[in-house]
Structures are given as structure tokens and as C-alpha cells.
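S.K.: Submitted below is the structure of interest, expressed as C-alpha cells.
Number of protein chains: 2
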Amino acid sequence: MAQGQPPVEAADGLTTRQRRNQPLVIVHTGLGKGKSTAAFGLALRAWNQGWSTGVFQFVKSAKWRIGEQSALETLNEVHRDTGKGGPIEWHKMGSGWSWSRKAGTDEDHSRDAREGWAEIKRRLAAETHTLYVLDEFTYVMKWGWVDIEDVIETLQDRPGYQHVVITGRDADPRLIENADVATEMTKLAHPFDRGQKGQKGIEW
Amino acid sequence: MAQGQPPVEAADGLTTRQRRNQPLVIVHTGLGKGKSTAAFGLALRAWNQGWSTGVFQFVKSAKWRIGEQSALETLNEVHRDTGKGGPIEWHKMGSGWSWSRKAGTDEDHSRDAREGWAEIKRRLAAETHTLYVLDEFTYVMKWGWVDIEDVIETLQDRPGYQHVVITGRDADPRLIENADVATEMTKLAHPFDRGQKGQKGIEW
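Note that the protein sequences, when read in sequence, are chains C and L.
For what it's worth, this note's numbering labels the leading residue of the first sequence as 1, then goes sequentially.
For what it's worth, this note's numbering labels the leading residue of the second sequence as 1001, then goes sequentially.
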């Protein structure tokens, strides 16, 4: 990670310290791996700062993130028991949830998605967390279950010091435009190309 | 993350289970963020599987990964005290180490790098860990401190079930060719563009 001088001078009239303390919208998108994994890595930094982290998992199965969930919930228990680090909450958006749409079940998924987003909006308004991980949230916008303009407006207007990380493929260009940091993960080589499926410890 | 069928049939004669249990070489490269963060996210999954993880940090300053180090070392303590999860070791390659080369100090850095790589080779031969995170290791090869052909040969010949994740910009095409999973992180938008520097909890 670059540690040098920023390439351009800021024109916003803020001091470096003020800019440093600005809350960020971070997007991890693209077809490659690491989008969610890097978001959960950020949660480690947040924990170490003593921040409150809320993870909102917009995916189908409990299996896929079970490693991260277990480890982050353990760090939350360490915080609860010893005061070290910060609290971490992990929320799954509905039990039957799927990022691969299935005919006949869309209605429930879209309702779950809207309910999840409504809860996140309430928490942003209440400044509940310092870091929000909205995992696979891009799909919810892509499928029209949550209005992207509402998301952008909510993020722009959120009060206080709250970082929001959004992961998933096909991030809308408007979301990227409104992000402070947006990274595209691109696949260069992958075991799927050789007919290999995922394995424990690596994929979940 | 895709959960569907692999796009091509494997021609290696292995069953799905055999292929699933193959140890992987994973490369995170590119100019964007998330290369190291995603690697440390993988360590969360490894911890949850009860695997032994070794992190080898090829960077200048203790500051840059202090959040991840603190959180992963806490998970290691949980493992030590309760048996939950797996052990995690965190090693820094020399105190004066720098990924931005400085005139007059290269000799020590290159010696540190070679010593670090020699230790990793010993551990791979001894099957010490199940997951190795070689953070910012691409620079060590780029600068010629460690021979890339030696790295590739060592990875190809490593015994047992050992996953190796290598992060850093400018990964050599030969390394990518020999990886099972290689992901490029590309910057789409970034606060540096607006003159913003890194901030705690996000950058370290």
C-alpha cells in the first residue's frame, strides 16, 4: 500500500487531519475473488480501533461466510469479556436468501432485502456503528429490490463518522462514482478453470 | 462467489473430492486496495478450520498492519487458551525493512528477505502451517532479493496440504502462471485522488 504523498492537492479547504477523519464509502466489486474477504479484513482493523462493526450479509447460505463469521464473533466475545477491541455484530438477511434468483421466491427475497436496508438506514441515522459491511449488497440494487438513488442519498447524508463497505459484482456506476474508494477484483487465474470446486478454509 | 458448476471438465483424472483437497497457491496483485486485507480475511477462515497459519510480513513499518496483527494474535490467544480455532503466528521480516527501497540500506534488506524466504522454505519442508500469508512478497522477487525460479520450484514441490497466499503489486507473470488463483485488484476511485491520506482503522 502506497505511503507517499497524495498525487494532487485537495481543493476542499480541509486540513489533512480533517480529511483523515472523513468517513468513507468503500466498494469492492468485479468478477474476481477477495471482495468480501477484504471487507472482513477491514473489520479486523476496525475491531483493533475499538470501533463498533455491523456486518449485514446479503447472501444465500450460512456456509459461505462461516469462517469469517465465527472468527469475528469470537473477537466480539473477546471484546465483551475483556474490553479489548470493539463490538462486532453479524446479521444475515433472511434464511432463504439467495443471490442467484429463483423463480417463485423473489417476493420474499425482495421483502427481506428492503427490510434489511431499512434497518441499516435506521442504524446509520442513529450512528450505531463506525463500520458497516454490506456484503453482496450490489445484487440487491441490481435486482431493483432496493433503490440505488435511495442508497446513494442515504450514504451522502449519513451523519457523524461512519464507514460503509459494499461488496458484490456489477456495482452500479453511480455507486462507484459516489464511493471514496472503489476497487475492482479481476480474475487472472482460477482453479474453476481447471474444473476445481471450492474447498473449506479457502471458500468459506 | 460463484457456487455453480465449473465451466470445464478437469482432465487430471482426479475426483472432485481429491481436487477439493488440493493445496492452493493464491496471488493478490494489482495497484488497488484489498490485496493484503483479503489475505488476512482468508486467515479468518483458516482459523475457523483449526488450521495453523503463518503470516510473514515483508513491509517497512509495524504500523501498517497493526490492526490485522492485533486481531489475528488475539484469535491465536483464544486458540491457545480455549482450543477454539487454530494457531496463528505473525512474523515481521526485520525491523528496518522497507518496500520502498532506500539507497545505502539495500544490503540489509536483501539479507533479511533471503533469511525470511529461507525460513519459509524450512517451514514448507517441515509442513509447519496449513496457510502461509507472504505479505508484500512480490517486491522481494521484483527487486531480485529472492530468485523467482526458486520460489516457483519450492511452491511446486512443497509437500502435503499447504496453501500459500502471496500479495503485492507487480506479481511476476511466471508467478501468476503457477498460481491456482490469481486476482488483480484495480483502483476505480480513491481518496488519494482527492488529496486524502490514509486514516486509522481503514489503512492500518
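Built from N, CA and C at the ideal position, the CB exists for glycine as well.
Small disclaimer: the values here were computed from a predicted structure and weren't measured.
#1: Quick check: the region 1078-1085 of chain L against the region 1113-1122 of chain L, are at least 3 beta-carbon pairs closer than 8 Å?
#2: Tell me the rounded alpha-carbon separation between C/K161 and L/S1052.
#3: Is L/F1056 close to chain C, meaning its C-beta is less than 7 Å from at least one C-beta of that chain?
#4: Can you name the residues of chain L whose CB is closer than 7 Å to the CB of C/H163?
#5: Roughly how far, in whole angstroms, is the beta-carbon of C/K142 from the beta-carbon of C/D108, given that I think they are within contact range, below 8 Å?
#6: Suppose you measure from the CA of L/I1166 to the CA of L/R1123; what does that come to, to the nearest Å?
#7: In this structure, what does DSSP give as the bridge partners for C/E89?
#8: Is there contact here, the region 170-182 of chain C with the region 21-30 of chain C, by at least three beta-carbon pairs under 8 Å?
#9: List the whole-angstrom C-beta distance separating L/E1068 from C/G41, where the pair is believed to meet the contact cut-off of C-beta under 8 Å.
#10: Given C/R114, which residues of its chain have a CB within under 8 Å of its CB, disregarding the five upstream and five downstream residues?
#11: Beta-carbon within less than 8 Å of C/H129's beta-carbon, same chain only, minus the 5 sequence neighbours each way: which residues are those?
#12: Is the shortest distance between the beta-carbon of L/E1073 and the beta-carbons of chain C less than 7 Å?
#13: Using a 10 Å radius around the Cβ and a threshold of 16 neighbouring Cβ atoms, would you call L/N1021 buried or exposed?
#14: Which one or two residues does DSSP pair with L/Y1132 in a beta bridge?
#15: Return yes when the Cβ of C/Q57 is within less than 7 Å of the Cβ of C/D112, no when it is not.
#16: Can you pull the chain C neighbours of L/K1187, defined as C-beta to C-beta under 7 Å?
#17: Helix, strand or coil for C/K102 per DSSP?
#18: Using a cut-off of 7 Å between C-beta atoms, extract the partners of L/S1070 located in chain C.
#19: Taking DSSP as the reference, what is the three-state secondary structure of C/V146?
#20: Which residue's Cα is closest to the Cα of L/G1201: C/T37, C/A39, C/A46?
#21: Three-state secondary structure (DSSP) at L/K1187?
M.R.: Short version:
#1: no
#2: By 1-based counting over the first sequence, the position of residue 161 of chain C is 161. By 1-based counting over the second sequence, the position of residue 1052 of chain L is 52. Residue 161 of chain C is actually Tyr in this sequence, not Lys. So the two alpha carbons sit approximately 36 Å from each other.
#3: Position 56 of the second sequence, counting from 1, holds the residue named residue 1056 of chain L. No, because no Cβ of chain C sits closer than 7 Å to the Cβ of L/F1056.
#4: Residue 163 of chain C sits at position 163 when you count from the first residue of the first sequence. Correct list: I1202.
#5: On the first sequence, position 142 is the one that residue 142 of chain C refers to. On the first sequence, position 108 is the one that residue 108 of chain C refers to. C/K142 to C/D108, Cβ: 18 Å. No contact.
#6: Residue 1166 of chain L sits at position 166 when you count from the first residue of the second sequence. Residue 1123 of chain L sits at position 123 when you count from the first residue of the second sequence. Each residue's alpha carbon lies about 16 Å from the other.
#7: Sequence index remark: in the first sequence, residue 89 of chain C carries index 89 (1-based). Answer by DSSP bridge pairing, in chain order: C/G54.
#8: yes
#9: By one-based count along the second sequence, residue 1068 of chain L stands at place 68. By one-based count along the first sequence, residue 41 of chain C stands at place 41. Confirmed, Cβ separation roughly 7 Å.
#10: For the purposes of this step, residue 114 of chain C is taken as the residue at position 114 of the first sequence. W145, V146.
#11: Sequence index remark: in the first sequence, residue 129 of chain C carries index 129 (1-based). Around C/H129: W51, S52, T53, G54, E89, R123, Q162.
#12: For the purposes of this step, residue 1073 of chain L is taken as the residue at position 73 of the second sequence. Not one chain C Cβ lies under 7 Å of L/E1073.
#13: Position 21 of the second sequence holds residue 1021 of chain L. Exposed: under 16 other Cβ atoms inside 10 Å.
#14: For the purposes of this step, residue 1132 of chain L is identified with residue 132 of the second sequence, where counting begins at 1. For L/Y1132, which the question treats as bridged, DSSP gives the partners L/G1054, L/V1164.
#15: On the first sequence, position 112 is the one that residue 112 of chain C refers to. On the first sequence, position 57 is the one that residue 57 of chain C refers to. No, they are not a contact pair.
#16: One-based indexing of the second sequence puts residue 1187 of chain L at position 187. Neighbours of L/K1187 on chain C, chain order: T183.
#17: If you number the first sequence from 1, residue 102 of chain C lands on position 102. The predicted position of C/K102 is uncertain, since its pLDDT is 47 and thus under 50; a value taken from the coordinates is nonetheless stated next. Reduced to three states, the DSSP call for C/K102 is coil.
#18: Position 70 of the second sequence, counted from the first residue, corresponds to residue 1070 of chain L. Within 7 Å Cβ-Cβ: N48.
#19: Within the first sequence, residue 146 of chain C is the residue found at index 146, counting from 1. DSSP places C/V146 in coil when its eight states are reduced to three.
#20: To locate residue 1201 of chain L, count along the second sequence from 1; it is residue 201. Looking at the Cα atoms, C/A46 is the closest of the given residues.
#21: Walking along the second sequence from the start, residue 1187 of chain L turns up at place 187. Three-state result, L/K1187: strand.
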